[in-house]
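Chemist: Once you know that position 173 of the sequence shown is 711 in the working numbering, the rest is easy, because the numbers rise by one and skip nothing.
One structure, pasted below without further comment.
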Amino acid sequence: MTEAVPDKDALQPELGFVQKLGMYFALPVWMLGLVVGALWLPVTVVCLFIFPKLATLSLGLLLVALLTPLSLPCPKPLARFLAYCTTAAAEYYPVRFIYEDKEEMEATKGPVIIGYEPHSVMPQAISMFAEYPHPEVVAPLRKARVLASSTGFWTPGMRHLWWWLGTRPVSKPSFLSQLRKQRSVALCPGGVQECLYMAHGKEVVYLRKRFGFVKYEVFRLAIQTGTPLVPVFAFGQTETYTFVRPFIDWESRLLPRSKYFSLVRRMGYVPMIFFGHLGTAMPKRVPIHIVIGRPIEVPQQDEPDPATVQEYLNKFIDAMQAMFEKHKADAGYPNLTLEIH
Numbered sequence: 539m540t541e542a543v544p545d546k547d548a549l550q551p552e553l554g555f556v557q558k559l560g561m562y563f564a565l566p567v568w569m570l571g572l573v574v575g576a577l578w579l580p581v582t583v584v585c586l587f588i589f590p591k592l593a594t595l596s597l598g599l600l601l602v603a604l605l606t607p608l609s610l611p612c613p614k615p616l617a618r619f620l621a622y623c624t625t626a627a628a629e630y631y632p633v634r635f636i637y638e639d640k641e642e643m644e645a646t647k648g649p650v651i652i653g654y655e656p657h658s659v660m661p662q663a664i665s666m667f668a669e670y671p672h673p674e675v676v677a678p679l680r681k682a683r684v685l686a687s688s689t690g691f692w693t694p695g696m697r698h699l700w701w702w703l704g705t706r707p708v709s710k711p712s713f714l715s716q717l718r719k720q721r722s723v724a725l726c727p728g729g730v731q732e733c734l735y736m737a738h739g740k741e742v743v744y745l746r747k748r749f750g751f752v753k754y755e756v757f758r759l760a761i762q763t764g765t766p767l768v769p770v771f772a773f774g775q776t777e778t779y780t781f782v783r784p785f786i787d788w789e790s791r792l793l794p795r796s797k798y799f800s801l802v803r804r805m806g807y808v809p810m811i812f813f814g815h816l817g818t819a820m821p822k823r824v825p826i827h828i829v830i831g832r833p834i835e836v837p838q839q840d841e842p843d844p845a846t847v848q849e850y851l852n853k854f855i856d857a858m859q860a861m862f863e864k865h866k867a868d869a870g871y872p873n874l875t876l877e878i879h
């Protein structure tokens with residue numbers, strides 16, 4: 539049964555001053571942390587020639603941050619902060635869940651594979667399924683491990699926050715390890731590739747041409763382990779940040795687009811300029827409607843052939859398309875289009 543969705547004004551109650559203050563600290567941390575972490579090493583190298591003592595100290599701190607084991611337990615103050623981040627995000631946007639069939643989802647036994655779309659600049663709302671889940675998230679979706687690009691785990695400081703939030707590098711061993719522990723996994727099947735194709739005013743997912751880990755590993759592993767696939771689509775998330783991608787949105791003869799795309803695939807991320815509320819790293823306050831589809835049951839086969847993998851990839855794409863068309867008006871986007879590459 540599909541839940542009714544109220545209008546956008548009803549979804550955005552007034553926020554108190556103290557509430558806003560907490561949100562304005564917690565929510566931008568994730569984007570600013572990635573930017574600062576990415577710039578730490580190059581800025582330190584430049585400073586070696588200007589402020590050598592300060593740069594040496596910075597380099598030492600960088601090495602400590604990168605060499606500190608991820609397996610360390612999360613300090614209690616940081617655990618409370620991470621839990622607050624999920625709560626703050628859910629109240630700020632705010633986030634609302636729409637189940638295609640909540641009873642069927644609750645009755646699903648064992649772990650599932652959550653296929654979350656779109657990626658957008660950052661798939662913020664996927665954290666609602668992670669270590670500190672939203673109250674409306676039902677089992678078996680709760681406390682899923684979010685699989686993300688390994689590039690993020692080279693970012694000092696943020697790598698530990700991601701790990702403690704329940705994020706793991708996307709890889710076959712990590713994928714299988716979580717399923718063996720009877721823990722669900724959540725990932726964006728389109729991956730960072732979607733950032734190459736996303737555009738303002740429409741939704742873009744990258745599934746049909748996805749020949750790497752997602753197509754021949756995630757869907758194949760789903761069949762090998764007999765794990766159901768759950769399509770999830772987040773309306774509104776794409777509007778939380780405005781973005782500009784050098785070499786894509788700006789014409790450039792320095793690097794052909796085909797070579798740039800190839801470079802991005804190797805790096806594991808798409809360089810871009812982004813900004814949210816008032817030009818800051820604070821995301822714009824846009825209601826996010828997370829539609830959770832019915833589980834797609836898959837057969838258990840030790841060695842599925844490519845045709846079987848393609849069959850269930852097609853079923854996943856069809857379910858995502860149908861969900862989008864069915865719920866876009868209720869989510870407040872009656873004229874929105876979905877492009878599937």
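Each residue gets a CB set at the ideal place from its N, CA and C atoms; glycine is no exception.
The structure presented is a predicted model; accordingly, all values stated were derived computationally and were not measured.
(1) Counting pairs of Cβ atoms below 8 Å between the stretch 759-775 and the stretch 648-658, do you hit three or more?
(2) Compare the Cα-Cα distances from P661 to each of P727, L600 and Q557 and report the closest residue.
(3) Distance, Cα to Cα, P551 vs F587?
(4) For T540 and F785, what's the separation of their Cα atoms in angstroms?
(5) Under a three-way DSSP split, which group does M539 fall into?
(6) Beta carbon of V708, beta carbon of I761: below 7 Å?
(7) Does DSSP put L801 in a helix, in a strand, or in coil?
(8) Do you know offhand how far P544's Cα is from E777's?
(9) Is it buried or exposed, P844, if we count other Cβ atoms within 10 angstroms and call 16 or more buried?
(10) Go through its chain and collect everything with a Cβ distance to K853's Cβ below 7 Å, but skip five positions before and after it.
(11) Looking only at its own chain, which residues have a Cβ that is under 6 Å from the Cβ of P566, when we skip the five neighbours before and after it?
(12) Out of C585, G729 and D856, state which residue places its alpha-carbon closest to the alpha-carbon of S658.
(13) For I811, count the other beta carbons within 10 Å of its own beta carbon; 16 or more makes it buried, fewer makes it exposed. Which is it?
(14) Return the chain-ordered ranges of every beta strand (DSSP E) run that is complete within the stretch 640-664 and spans a minimum of 3 residues.
(15) Nearest CA to the CA of A677: which residue from P711, G695, W701 and E641?
(16) Kindly indicate if chain B contains any beta-carbon less than 7 Å away from that of P678.
(17) Decide if the stretch 611-626 is in contact with the stretch 707-724; the criterion is three or more beta carbon pairs, one per stretch, under 8 Å apart.
(18) Going by the beta-carbon positions, is the gap between R634 and R683 smaller than 7 Å?
(19) Could you give the distance in angstroms between the alpha-carbon of G774 and the alpha-carbon of S796?
(20) Could you tell me if A542 is buried or exposed, where buried requires 16 or more neighbouring beta carbons within 10 angstroms of its beta carbon?
(21) Rounded to the nearest angstrom, what separates A906 and E655 at their Cα positions?
(22) Would you kindly work out how many angstroms separate the C-alpha atoms of L745 and I878, rounded to a whole number?
(23) Just the C-alpha distance for L717 and L592, rounded to the nearest angstrom, thanks.
(24) Keeping to the same chain, check which residues put their C-beta closer than 7 Å to that of L874; ignore five residues upstream and five downstream.
(25) Take the Cβ of H672 as the centre, count every other Cβ of all protein chains shown within 10 Å, and call the residue buried at 16 or more, exposed below.
Modeler: Walking through what the data contain:
(1) Three or more Cβ pairs closer than 8 Å define a contact, and the stretch 759-775 meets that threshold against the stretch 648-658.
(2) In this structure, P727 is the residue among P727, L600 and Q557 with its C-alpha nearest to the C-alpha of P661.
(3) Straight-line Cα distance between these residues: approximately 52 Å.
(4) A caution first: T540 carries a pLDDT of 42, below 50, which makes its placement in the model unreliable, though a value can still be read off. Approximately 42 Å between the Cα atoms of the pair.
(5) Here M539 scores only 41 on pLDDT, less than 50, and its place in the model is too uncertain to base an answer on.
(6) No, the Cβ-Cβ distance between V708 and I761 is not below 7 Å.
(7) When secondary structure is reduced to three states using DSSP, L801 falls in the helix class.
(8) Bear in mind that a pLDDT of 49 at P544, under 50, signals an unreliable position, so the model cannot answer this.
(9) Counting of Cβ neighbours within 10 angstroms places P844 among the exposed residues, the total staying below 16.
(10) The residues are I834.
(11) Around P566: A819 and M820.
(12) The residue among C585, G729 and D856 with its C-alpha nearest the C-alpha of S658 is G729.
(13) It is exposed - the Cβ of I811 has fewer than 16 other Cβ atoms within 10 Å.
(14) Taking only runs of at least 3 residues, the beta strand (DSSP E) segments lying wholly in the stretch 640-664 are 651-655.
(15) Checking every option, the nearest Cα to that of A677 belongs to E641.
(16) As a matter of chain content, chain B is missing from the structure shown, which is built from one protein chain.
(17) Contact fails: fewer than three Cβ-Cβ distances are below 8 Å.
(18) Not in contact: R634 and R683 (Cβ atoms no closer than 7 Å).
(19) CA-CA distance, G774 to S796, rounds to 30 Å.
(20) Below a pLDDT of 50, predicted positions are generally treated as unreliable, and A542, at 44, falls in that range; no measurement from the model is reported.
(21) The question about residue 906 has no answer, for the chain in this structure spans 539 to 879.
(22) Distance between the alpha carbons of L745 and I878 is about 6 Å.
(23) Rounded to the nearest angstrom, the two C-alpha atoms are 45 Å apart.
(24) Contacts found: K740, E741 and K866.
(25) It is buried - the Cβ of H672 has at least 16 other Cβ atoms within 10 Å.
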